[in-house]
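Peer 1: Below is a structure I'd like to ask you about.
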Amino acid sequence: MRLLSKLSVLAAGAALAACASMPMGGTPARIDPDRLSAHVQALSDDSFEGRGIATPAEDKVIAYLSEAFADAGFEPGGENGGWTQAVTLRRFAVSDVSASFSDDGESRALTQGDQIVISTRRPADQVRLDDLPLVFVGYGTTAPERNWDDFKDVDVRGKVIVVLVNDADYEQPELNTFNGRAMTYYGRWTYKYEEAARRGAAGVLVVHETAPASYGWTTVKNSWTGPQFDIVRENAAAERVPLEGWIQRDVAVDLFTRAGLDFEALKVAARSRDFRPVVLEGQTLDASYSVATSQIETHNVVARLPGTTHPDETILYTGHWDHIGMGDPDANGDRIFNGAVDNASGIAGLIELARVFGSGPRPERSIVIIAFTAEESGLLGSEFYAANPLYPLETTVAGFNLDAMNVYGRLSGLGVTGYGQSMLDERLEAAAATQGRVIVPDTNNAAGTYFRSDHFPLAKRGVPMAYPKGSGDFRDEPVAERQALRDEYGARRYHQAADEWLPGMDFRGAAEDLEVVYAVGMALANSRDWPEWKPGSEFGPVREESAAARR
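See the structure below:
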């Protein structure tokens, strides 16, 4: 407690100093660390019950945010002149799972949760897959810009494909076909399921290996044996396969051996452009399961500051308001997942950005701030907005996502998750340099963090999106104690009931990060610039399709 008190005094002093130095008159205010702290404390209070979606707490969040954005001078940016965009989600609960591999007619049962995990996000009451052939398609990747096609001319319609997790570079990063160890979107399981649907496959089995997945089998089991959510799609049959699954590595090795194949040798072969799909001869899959489907409605909160000259061109700032809600009591009897850092901190940042934008001269392009729902359910609020944009994506200039901000003090660097993807990198670097800070690229990001937050559904539709947050070394004493608090969050508080506001949180670092994204966004808002994706980015081709709208 002495440490928390000491840090609290330091943070409060810095906040007062920042307030005292705020410019007056027609210039914007500065980001206020004290205001950030107050918003985080309010939004993570027990009365918000963990900000679960489609619960009474959602109405409280909407009321809090709409009032804050209105006070900042923004106008409602949602549907029908309101503050919200309704997001209808489908909930899928799979039960009565029966699955087995057959070896020339000899059945081998697979236990749900132990050897295999089966789920679906395709509407159905009952799924039955009988005697389906299995085809190994390497990493399941089609990347024309990299001259890569794992499927070649092989038709996988009605079949179950078996794929490796992560990218072809993971085991041999020096190949550098897919950015070495820095995962591209092609390495994410979400992409593999999407590509399988485009190919007309009946199902996907991702082979789980802990290192390339960046998490153990328990995470797979916990994540996929419970209910799944998805946005309501016009043609779900074209975008989702009936079976989305994982299998344990030893199950895959045995399966390949029974087909007369060497799993490890095929893993090596799959790292080459010359790889061709391999049929697992004599091996088939049988699976059946019930699917209970229902619908819920939740909401994105949207605020807008119209531009003076080019109001139809948009700068985006995003973050997610939801957290896990209420759960089983922890060892201390606490069952409220308050979500202070994840992501009341990002929402506090959006509120402060609105206040600063609203206090200064109106920019030429519009500023749109979106607090997304259902991030914790799979980026679904942002996925819904990206599929149903209120402001055209082709004239959305760029965006900045705030998720789990630094609340432990000033840092020497600004981390850029997804560094190397877009030309926003250099703009962020220049803005951070004015604070005496450097960019910290995530060039060894094998876990694919860039694809795990709300900017991503927009990025994959071509909108240049940045995901910056504080990184590097602490610049103020007590350094060891600050580092210990940050480490403790990752070890004991992340996605736990203990993610609560603490009086010792120091928001000066978050304020510096917000000043960077404010400066870059304001410069873009008063320019005719259109940041682009860098050569080799998997998101460049889709952006290029709408280039005529930006000429």
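Under this note's numbering, think of the first position of the sequence shown as 2, with each following residue one higher. Beta carbons are placed, not taken as given, at the ideal position from N, Cα and C, and that holds for glycine. Every value quoted in this text rests on a predicted model; they were computed, and no experiment measured them.
Please work out which residues of its chain come closer than 6 Å, Cβ to Cβ, to alanine 125, disregarding the five sequence neighbours upstream and downstream, and give them in chain order.
Peer 2: Val292
Peer 1: Identify whether alanine 345 lies in helix, strand or coil by the three-state DSSP scheme.
Peer 2: Reduced to three states, the DSSP call for alanine 345 is helix.
Peer 1: So within the region 438 to 488, which uninterrupted beta strand (DSSP E) runs reach at least 3 residues, ignoring any that extend past its ends?
Peer 2: 439 to 442 and 466 to 475
Peer 1: Could you tell me the alpha carbon to alpha carbon distance between glycine 416 and glycine 106, rounded to whole angstroms?
Peer 2: Cα to Cα, glycine 416 sits roughly 54 Å from glycine 106.
Peer 1: Using alpha carbons as the reference points, say which of Gly217, Ala433 and Asp97 lies closest to glycine 473.
Peer 2: Ala433
Peer 1: Does the Cβ of proline 278 have 16 or more other Cβ atoms within 10 Å, making it buried, or fewer, making it exposed?
Peer 2: The residue in question, proline 278, is buried, as its Cβ has 16 or more Cβ neighbours within 10 Å.
Peer 1: For the alpha helix (DSSP H) that contains phenylalanine 385, what are its first and last residues?
Peer 2: 381 to 388
Peer 1: Nearest by alpha-carbon distance to arginine 250: which of Asp263, Ala239 and Ile297 is it?
Peer 2: Asp263
Peer 1: Figure out for me which residue from Thr112, Ile119, Val155 and Ala100 has the closest Cα to the Cα of aspartate 588.
Peer 2: Residue 588 is absent from the model: the chain starts at 2 and stops at 552.
Peer 1: Would you identify the three-state DSSP class for threonine 178, choosing helix, strand or coil?
Peer 2: Threonine 178: coil per DSSP, three-state reduction.
Peer 1: My output table needs one value for tyrosine 490: the three-state DSSP class, helix, strand or coil.
Peer 2: helix
Peer 1: Chain C beta carbons: is any one of them nearer than 8 Å to that of phenylalanine 230?
Peer 2: Among the chains of the structure shown, chain C does not appear; only one protein chain is present.
Peer 1: Roughly how many angstroms separate the alpha carbons of aspartate 255 and lysine 160, rounded to a whole number?
Peer 2: 20 Å
Peer 1: Quick check: the Cα distance between methionine 506 and alanine 110, rounded to an integer number of angstroms?
Peer 2: So the alpha carbons of these two residues sit roughly 52 Å apart.
Peer 1: Go to isoleucine 297, then tell me how far its beta strand (DSSP E) extends in each direction, as first and last residue.
Peer 2: 279 to 306
Peer 1: Closest by CA to threonine 211, which one among Ala73, Ala238 and Glu172?
Peer 2: Glu172
Peer 1: In chain order, which alpha helix (DSSP H) runs of at least 4 residues are fully inside the region 323 to 376?
Peer 2: 346 to 360
Peer 1: Which two residues bound the contiguous alpha helix (DSSP H) that contains proline 34?
Peer 2: 34 to 44
Peer 1: Exposed or buried, alanine 239, counting other C-beta atoms within 10 Å across all chains shown (16 or more means buried)?
Peer 2: exposed
Peer 1: Does DSSP classify arginine 241 as helix, strand or coil?
Peer 2: coil
Peer 1: If contact is defined by three or more beta carbon pairs under 8 Å, each pair taking one atom from either stretch, is the region 374 to 392 in contact with the region 88 to 99?
Peer 2: yes
Peer 1: Which of helix, strand or coil does DSSP assign to serine 67?
Peer 2: Helix.
Peer 1: Quick one: using the 10 Å Cβ neighbour count with 16 as the cut-off for buried, is glycine 537 buried or exposed?
Peer 2: The residue is exposed, with fewer than 16 neighbouring Cβ atoms inside 10 Å.
Peer 1: On a CA-only basis, which of Val166, Ala202 and Thr191 is nearest tryptophan 218? Give me that one, please.
Peer 2: Its Cα nearest to that of tryptophan 218, the residue Val166 stands out among Val166, Ala202 and Thr191.
Peer 1: Contact check, tryptophan 322 vs alanine 372 under 8 Å by CB: the rounded distance?
Peer 2: Taking the Cβ atoms as the reference, tryptophan 322 lies roughly 4 Å from alanine 372, within the contact range of under 8 Å.
Peer 1: Excluding the five sequence neighbours on either side, which residues of its own chain have a C-beta within less than 7 Å of the C-beta of threonine 185, listed in chain order?
Peer 2: Asp168, Phe179 and Glu539
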